[in-house]
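Asker:
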Amino acid sequence: MLNSFILENLEVLTNHRFAKDNENMLETAVPSLQMGIPFLGVLLSISLLPLWVPKLWHRSENWILLGWGVLSLVLMAQIKGIEGTSFSVVEIIFHEYLPFIILLTVLYIISGGLHIRLKTVASPLTNTGFLLIGALIASIVGTTGAAMLLIRPFIRMNHHRHYQSHNIIFFIFAVANIGGCLTPLGDPPLFLGYLNGVDFFWTLKHLFMPFLVTIIPLLGIYMVIDWTLEKREKATKKIISQPDATFLLEGKINLVLLLGVLLVVIGTNIPENLSAYCVFGCDVSSNQLLRDIGLIVLAVISFVITPKIVHQHHHFSWAPISEVARVFAAIFITMIPVNMMLLAGDKGPFAPILAFTGQHHPSFVYFWLTGIFSAFLDNAPTYLIFFKMAGGKADILMGPMFKILMAISLGSVFMGAMTYIGNAPNFMVRAIAKQSGVPMPSFLGYMVWSVVILVPIFLGVSLWLLW
Numbered sequence: 110m111l112n113s114f115i116l117e118n119l120e121v122l123t124n125h126r127f128a129k130d131n132e133n134m135l136e137t138a139v140p141s142l143q144m145g146i147p148f149l150g151v152l153l154s155i156s157l158l159p160l161w162v163p164k165l166w167h168r169s170e171n172w173i174l175l176g177w178g179v180l181s182l183v184l185m186a187q188i189k190g191i192e193g194t195s196f197s198v199v200e201i202i203f204h205e206y207l208p209f210i211i212l213l214t215v216l217y218i219i220s221g222g223l224h225i226r227l228k229t230v231a232s233p234l235t236n237t238g239f240l241l242i243g244a245l246i247a248s249i250v251g252t253t254g255a256a257m258l259l260i261r262p263f264i265r266m267n268h269h270r271h272y273q274s275h276n277i278i279f280f281i282f283a284v285a286n287i288g289g290c291l292t293p294l295g296d297p298p299l300f301l302g303y304l305n306g307v308d309f310f311w312t313l314k315h316l317f318m319p320f321l322v323t324i325i326p327l328l329g330i331y332m333v334i335d336w337t338l339e340k341r342e343k344a345t346k347k348i349i350s351q352p353d354a355t356f357l358l359e360g361k362i363n364l365v366l367l368l369g370v371l372l373v374v375i376g377t378n379i380p381e382n383l384s385a386y387c388v389f390g391c392d393v394s395s396n397q398l399l400r401d402i403g404l405i406v407l408a409v410i411s412f413v414i415t416p417k418i419v420h421q422h423h424h425f426s427w428a429p430i431s432e433v434a435r436v437f438a439a440i441f442i443t444m445i446p447v448n449m450m451l452l453a454g455d456k457g458p459f460a461p462i463l464a465f466t467g468q469h470h471p472s473f474v475y476f477w478l479t480g481i482f483s484a485f486l487d488n489a490p491t492y493l494i495f496f497k498m499a500g501g502k503a504d505i506l507m508g509p510m511f512k513i514l515m516a517i518s519l520g521s522v523f524m525g526a527m528t529y530i531g532n533a534p535n536f537m538v539r540a541i542a543k544q545s546g547v548p549m550p551s552f553l554g555y556m557v558w559s560v561v562i563l564v565p566i567f568l569g570v571s572l573w574l575l576w
């Protein structure tokens, strides 16, 4: 009977109006839990293979990701048919993947056109102020952009210190993760929420207080640790002479372009009732086209007018953003069956989890479930999964269920700091620090720091959500 249902509705799958009118009918064809294996395979591959078999991963990364993607498409075709699978792929590419990767690329290019030359007298107070400013900047240029912009100046201003590892660890905590919670530009999970209907300023309005509740004690702990280690350095005479204070910002025009990114993302979402265009059977709104074209124009301007010497100073390379684009292409494709399972609700394989999250204190449960998955997998797809697990309706999640949306947002952004693999900038910061001669803890050694310092703070945040 299920097969006959799919065959009867196969023609509907080719129509670009299918997404709104007939989505519920198709979702009765619920995939089995095994169809989520390619998605899990992608996440485990990008999380573990670079650690376990780095040579194999770097040599065969594209083929491994392609293999998981093809396997997912083959499994989907058995349920949705070839045409239905094709429509789903086109829809997720135009509605979610392309806007997502375009924003990341634009922020990467523009922030790569900025270079800070900073020499100052590093002290516990100046270091703490630097991390606070970096955390705030992360919500404007993104955690990746802020991390790449600020990590080298931060290392240079502390190069005379004997103890430096704690600086990098807290930099990852504050700048590469927690600081990205205030706008959709700050961290990829929040931009996915924006693409799914969450208002641009909702994060600033509802996450600012949890940000303060988190960042203030975190930086307070850092200042105490840094002050204690500085005293030890002075007592053992291990601290060397400090540099003269100087500051120079190269590529200032990119600050204007960053403001342009903000205006384009917000402004193109204001006009309503604009026409839509059918692209390969998928409706693409004029708002989205204007936003993506505007962002691309800003990125091209930045790359053309930024002096080459600035890119050289900043060690600009296309490799990181190219890898992100490839990895997320595989993630978005393999997520389609998982989304189908979630949309099936209590009839799907995730019914027990859905029932559990809907019981006592769901915001507390969503915070920790989202956070735990974000710590060991990638936080962007984790956000999207739990967003849809909570219903996927932005107007409801911003309204009567706003605490659940807060919990999902905070869990995905904050707990990306728990491991080196929780958020993309973490490993990049670690690599740059090691190249600069800063000793860094191992994977488990880093987790000792994050568990001891972050978990008590996050417990306080989750209890705050219950008020």
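Numbering (the numbering used here), first residue to last: 110 to 576. Beta carbons are placed, not taken as given, at the ideal position from N, Cα and C, and that holds for glycine. Computed from a predicted structure; not experimentally measured.
Classify Leu241 as helix, strand or coil using the three-state DSSP reduction.
Answerer: Residue state, collapsed to three classes: helix.
Asker: Using the C-alpha atoms, what's the distance from Asn267 back to Glu192?
Answerer: Spanning the two alpha carbons is a distance of roughly 58 Å.
Asker: Could you check the C-alpha separation between Asn171 and Val538 for me, to the nearest Å?
Answerer: Rounded to whole angstroms, Asn171 to Val538 spans 23 Å at the Cα level.
Asker: Starting from the Cα of Leu357, find the closest Cα among Arg400, Ile402, Pro262 and give me that residue.
Answerer: That would be Pro262, whose Cα lies nearest to the Cα of Leu357.
Asker: Does Gly288 get closer than 7 Å to chain D when you measure Cβ to Cβ?
Answerer: Among the protein chains of the structure shown there is no chain D, as only one such chain exists.
Asker: What is the rounded straight-line gap between the Cα of Glu339 and the Cα of Ile277?
Answerer: Taking the straight line joining both Cα atoms gives about 15 Å.
Asker: Just the C-alpha distance for Gln421 and Leu184, rounded to the nearest angstrom, thanks.
Answerer: Distance between the alpha carbons of Gln421 and Leu184: 45 Å.
Asker: What's the call for Met498, buried or exposed, on a 16-neighbour Cβ count within 10 Å?
Answerer: So Met498 counts as buried.
Asker: So what does Ala385 bridge to, in DSSP terms?
Answerer: For Ala385, which the question treats as bridged, DSSP gives the partners Ser394.
Asker: Does the region 217-230 come close enough to the region 468-482 that 3 or more CB-CB pairs lie under 8 Å?
Answerer: At 8 Å Cβ cutoff, the stretches do not touch.
Asker: Which of the three DSSP states, helix, strand or coil, is assigned to Asn131?
Answerer: With a pLDDT of 41 at Asn131, under the threshold of 50, the modelled position of that residue is not reliable, and no figure is offered here.
Asker: Using CA coordinates, which residue listed in Leu149, His167, Ser181 is at the minimum distance from Ile442?
Answerer: Among Leu149, His167, Ser181, the Cα nearest to that of Ile442 is on Ser181.
Asker: With distances taken Cα to Cα, identify the nearest neighbour of Asp487 among Val522, Cys391, Ile513, Ile242.
Answerer: Minimum Cα distance to Asp487 is reached at Val522.
Asker: Quick one: what's got a C-beta closer than 8 Å to Ser141's C-beta in the same chain, skipping five residues either side?
Answerer: For Ser141, where only same-chain residues beyond five positions count, the Cβ hits under 8 Å are Pro458.
Asker: For Gly150, report the span of its alpha helix (DSSP H) as first-last.
Answerer: Element bounds for Gly150: 146-161.
Asker: Over the uninterrupted alpha helix (DSSP H) stretch that includes Glu339, give me the two end residues.
Answerer: Taken as a continuous stretch (DSSP letters only), the alpha helix (DSSP H) holding Glu339 covers 311-345.
Asker: By the 10 Å Cβ neighbour count, where 16 or more other Cβ atoms means buried, how is Val447 classified, buried or exposed?
Answerer: The residue is buried, with at least 16 neighbouring Cβ atoms inside 10 Å.
Asker: Taking the straight line between their C-alpha atoms, what separation do you get for Phe412 and Ala231?
Answerer: Whole-angstrom Cα-Cα distance: 33 Å.
Asker: Taking Ala283 and Leu240 to be in contact with their CB atoms under 8 Å, please state how far apart those CB atoms are, rounded to whole angstroms.
Answerer: About 5 Å separates the two Cβ atoms, so the contact holds.
Asker: Among Gly251, Thr229, Leu327, Leu368, which has the Cα closest to the Cα of Thr292?
Answerer: Ranking the options by Cα distance to Thr292, first place goes to Gly251.
Asker: Going by Cα to Cα distance, which pick from Val179, Leu212, His423 is closest to Val198?
Answerer: Selected option, being the one with the closest Cα: Val179.
Asker: Going along the chain, which residues of its own chain have a beta-carbon closer than 8 Å to the beta-carbon of Leu304, five neighbours each way excluded?
Answerer: Same-chain partners within the cutoff: His204, Glu205, Pro208, Phe209.
Asker: Tell me, please, whether the region 504-517 touches the region 539-548 by the rule of three or more beta-carbon pairs shorter than 8 Å.
Answerer: Segments in contact, no.
Asker: Assign Leu358 to one of three DSSP states: helix, strand, or coil.
Answerer: Strand at Leu358.
Asker: For a quick check, are the C-beta atoms of Phe196 and Met444 less than 7 Å apart?
Answerer: Result no, Cβ atoms of Phe196 and Met444 do not sit closer than 7 Å.
Asker: How many Å lie between Phe315 and Leu372 at the Cα?
Answerer: The sequence given here places His at residue 315; Phe does not occur at that position. Each residue's Cα considered, the two are about 21 Å apart.
Asker: Taking Leu160 as the reference, give the member of Phe536, Ile260, Leu399 with the closest Cα.
Answerer: Selected option, being the one with the closest Cα: Phe536.
Asker: Can you give me the Cβ contacts of Pro534 inside the same chain, cut-off strictly under 6 Å, excluding the 5 residues immediately before and after it?
Answerer: Correct list, in chain order: Thr252, Thr253, Ala256, Ala285.
Asker: Is the beta carbon of Ala489 closer than 7 Å to that of Gly531?
Answerer: No. Outside cutoff.
Asker: If you measure between the beta carbons of Leu328 and Thr235, is that distance less than 7 Å?
Answerer: Not closer than 7 Å, so no.
Asker: Grouping DSSP H, G and I as helix and E and B as strand, with all else coil, what is Leu366?
Answerer: Three-state DSSP puts Leu366 in a helix.
Asker: With burial defined as no fewer than 16 other Cβ atoms inside 10 Å of the residue's Cβ, what is the status of Gly288: buried or exposed?
Answerer: Its Cβ being crowded by 16 or more others within 10 Å, Gly288 is buried.
Asker: Helix, strand or coil, according to DSSP, for Leu291 in the structure here?
Answerer: Coil.
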